[in-house]
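What follows is a short report on a single structure.
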Amino acid sequence: MAESMLILRMCSIMLVLGFSEAKMEIITSKPDVLLGENVMLLCKAGGEGDITWQKDGEDAEDYQVEKVDETSSKLFIRNAKMEDAGQYKCLCEFESGHRDDKLYTIFVYERPSFGETPAYHEFLEGQDGLITCMVTGKPAVEVNWERDHEKLHSEAGRIRRLKDNSLQINNITRKDHGTYTCEAKIKDRPIFEKLNISISVNVPPTAKLHEEVKKATAGPETNVSLSCLVEGVPQPKINWTVPDSSDKSRYKYNSDKSELIISSVVRSDHGEYICTAKNKISESSAMIMLDVSEHPEAVLSQEKMEVEPGQSISVSCNVSGHPMPALQWVRKTNNDHLLTVDAGGGRVRMEDGYVLVIDNVTPSDGGLYSCMAISPAGNASTDFSLQTWPGKASQVSGTPGPTSVHFTLGASLVDGGSPITHFTLQWKTGRENNWQEKVIQSTDPLVITDLNPYTTYSVRFAPKTHLGQGGFSEELTVRTQGIREPDSPVLVASEGKVEGNMFSIPLMQLDNGDSPIIHYTVRYRLNKVDEDWREKDLPSNSTVINLHDLQYKSDYHMEVLAVNSYGSSSSAKLNFSVPQPVAKMNKGGMGKGAVAGIVIVIFLVLLIAVDATCCYTNHCGMLMFLAVKLFGQKVPGMKTVEEGDGTSNGDLKLNGLGIPRDSIPKLQTQNGEKNGLEAEVTCDKAPLTKFEKTSPNGDPATEA
């Protein structure tokens, strides 16, 4: 039975295998075959049978076919040609009588090539540019153009693709420069080649300057910068053409020579500067005029002259600069005014346009004269000092005193161009023929002293410089006065000062009556009826009056007299007040120490309150400890053994124990109560002994 089943099963398998279709396949390394390459097609039938090959419906050549075994076969294409492209069919007739075939398409191509297509083009800005792409390849080749990874689809407009696959750019600009890509692709196949073509747009150079004329003033601190703006592709080279007179050692250029810096400009740098920009296309130039002006200068033949009155002088002034400055002589007055010296025929004049002439010099001609050079580049001046004898004083008056005469000037003195250093004072009486004189410094008062009182004098004075003495003033006749008491001292109320209960005020004496002050008398009192005077004397050289120990919130009256050997002056009077002192407030408010003290006091109060509460409620704390130490065991609010109810006649004292150490008394109540008294050591609840406990029957029990 088993053998029958096995045979039946084998027959079924053979039947199925005989009528099932075998799977065929053609295997090759690549479907696209480059022209001239070798390729092999392997056909696997999936079963035993007779395998044959066909190309485009015709049997393949025998030399191309190679049988591998009963289930597979090879077809070789050697040195592939374009005609080898087509459909290849593998046919198999299986032993079972079943027939099957498999098709496979072979594509033979020639890779796209750009031949001698130029990869670089140069165009001039504004021209029309044509970029060629010469492509070969088989079969048909498609051409596309890209720029910056974007396809150029334009068929019309400024950039367009021509029918011969060239790219045309009309009116080319600098923005059109860059890389263009020509892509050649076999139609309907993923086979392509790309060629990058660089486009350079050349631009003729241009040179421009910011300004046509550059103005500068010569000087060691003056630097001039000339900038040339240059454009062009390729980048132009820059050259400068400079005047021959200029010193090129003072030139500095930046890296591309577009800027020329001239340091410490001088007049010889004046001229034309030409900037030339040149590249392989062409060249361009720009010119700038450097106009260098020189600051004017004025040089005198003499800067100082000392002459006697009546002589004549001449001083020449030479000016220079660019442009040539105008020359002008001016006279400087004491009030800083400038008086122009004209070129007329006067005594003070300018001759030949540059010479200062003064005929018959007088004291009033002395002083400073300036030669001024004036030009658009600036102004310059040089001073000439003319010095001569001082002039005679005019408008002089004299004020007599008991033994002196004081001169007063009604007009300024003519110093002759140099400072007055001294004055010569002269005087004489009517009976005298010779003048007495005294020479004083120019800074001293114009006063003749040590004269006799009640005497008539003739007085005069003359200024003097380092050159000599000027003329004397007109004689004045004066009569001296008698010697007398001094004038009242001068007190200025606005200068008085009150500090606390002290008052001070400056003291001045204008006239002592021609007799020295001996002392000053100061009297002061409260400004009330029947108040007594307080009096004090001050030395003759006193300059300040100080009054001490005055009453606050009071008004005072003060009188001051000057005393000399001829008497006392009339009193100088003054009223003043001493106000109530104002308490000074501490600007800083409460200090840190005060705040700390308050905090400490509050803390102590709180501590005492807490401690007192603890003492009277729980009989504890510092107060309780002090009470026990000071008053013994009897402390208010604490019951002792003697004061408790039902105490025995045993004694317990804080100052000494009457019971031996190891004797433990038995405490009982008098009325036979159950609860006995428990003596405490700490407060009022701890037992007197360490191991004392209460027995169940109410008596204290002791444990060893």
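Residue numbers -22 to -1, 1 to 682, in mature numbering (1 follows the signal peptide of the UniProt record, and there is no 0), belong to the letters of the sequence shown in order.
Quick reminder that beta carbons are idealized off the backbone N, C-alpha and C, glycines included.
For residue i, tell me which candidate among the options has the shortest Cα-Cα distance.
i, options, result
"A276", "G356, C70, T407, G491", "G356"
"N257", "P274, P212, H300, S246", "P212"
"D79", "E100, E88, Y498, S50", "S50"
"M350", "G331, T377, D337", "G331"
"P354", "Q447, W218, T195", "T195"
"K163", "E120, S420, T458", "E120"
"residue 758", "V243, V573, E272", "Residue numbering for the chain in the displayed model covers -22 to 682; residue 758 lies beyond these limits and cannot be assessed."
"V538", "V583, V468, I239, N148", "V468"
"G474", "N519, M536, E509", "M536"
"D247", "M267, D40, T386", "M267"
"K141", "K165, C111, D154, D166", "C111"
"R512", "R501, T427, S7", "R501"
"T455", "A471, T443, R438", "R438"
"R411", "Y435, L391, D154, I398", "Rather than Arg, the amino acid found at residue 411 in this sequence is Asn. Among Y435, L391, D154, I398, the Cα nearest to that of N411 belongs to Y435."
"S342", "V560, A371, P301, A321", "A371"
If I measure Cβ to Cβ from residue i and keep anything under 6 Å in the same chain, skipping five residues before and after, which residues do I get?
i, result
"S292", "V333, V335"
"N524", "S482"
"V425", "S382, H384"
"D515", "H497, T499"
"M602", "C593"
"H526", "M480"
"R77", "E71"
"T157", "N174, S176"
"D361", "L346, S348"
With 16 as the cutoff for other CB atoms within 10 Å, does residue i come out buried or exposed?
i, result
"R139", "buried"
"A358", "buried"
"Q529", "exposed"
"A304", "exposed"
"R245", "exposed"
"D492", "buried"
"F92", "buried"
"D510", "exposed"
"V619", "At V619, the pLDDT of 37 sits below 50, so the modelled position is not reliable; the number obtained from the coordinates is stated separately. Answer is buried; the Cβ neighbour count reaches 16."
"H325", "The question names His, but residue 325 is Arg in the sequence shown. Exposed, since its Cβ has fewer than 16 Cβ neighbours within 10 Å."
"T458", "buried"
"I5", "exposed"
"L145", "buried"
"P9", "exposed"
"M328", "buried"
"V17", "buried"
"F581", "exposed"
"I240", "buried"
"N490", "buried"
In the DSSP assignment, what are the bridge partners of residue i?
i, result
"H400", "Q419, K442"
"E71", "D28, R77"
"R501", "E513, E537"
"S292", "V335"
"R125", "E128, Y158"
"L12", "Y87"
"F54", "M18"
"D269", "K193"
"N357", "I352"
"G170", "The residue asked about is misnamed: residue 170 is Phe in this sequence, not Gly. Partner(s): K163."
"R327", "V335"
"H99", "I177"
"V456", "Y435"
"P484", "V522"
What whole-angstrom Cβ distance do residue i and residue j have, given they're in contact under 8 Å?
i, j, result
"K193", "D269", "5 Å"
"F85", "G27", "Wrong, their Cβ atoms sit about 29 Å apart, outside the cutoff."
"A440", "G448", "5 Å"
"G460", "P378", "Contact flag wrong, Cβ pair sits at about 11 Å."
"T184", "V243", "With a Cβ gap of about 28 Å, T184 and V243 do not count as contacting."
"Q373", "L387", "7 Å"
"D393", "G344", "7 Å"
"Q65", "L53", "That pair is no contact at about 12 Å."
"S466", "A550", "5 Å"
CB-CB under 7 Å to residue i, same chain, minus the five flanking residues each way: which ones, in chain order?
i, result
"G288", "N338, V339"
"D422", "none"
"G14", "N57, A58"
"A471", "L552"
Answer yes or no: the CB of residue i versus the heavy atoms of the ligand SAH, is any distance below 7 Å?
i, result
"D527", "The model on display carries no ligand, and the ligand SAH is accordingly not part of it."
Can you find the residues in the same chain that come closer than 8 Å, C-beta to C-beta, to residue i, ignoring five residues on each side of it along the sequence?
i, result
"H99", "G107, I109, I175, S176, I177, S178"
"G249", "V220, P221, S223, S224, M267, L268"
"K129", "N122, W123"
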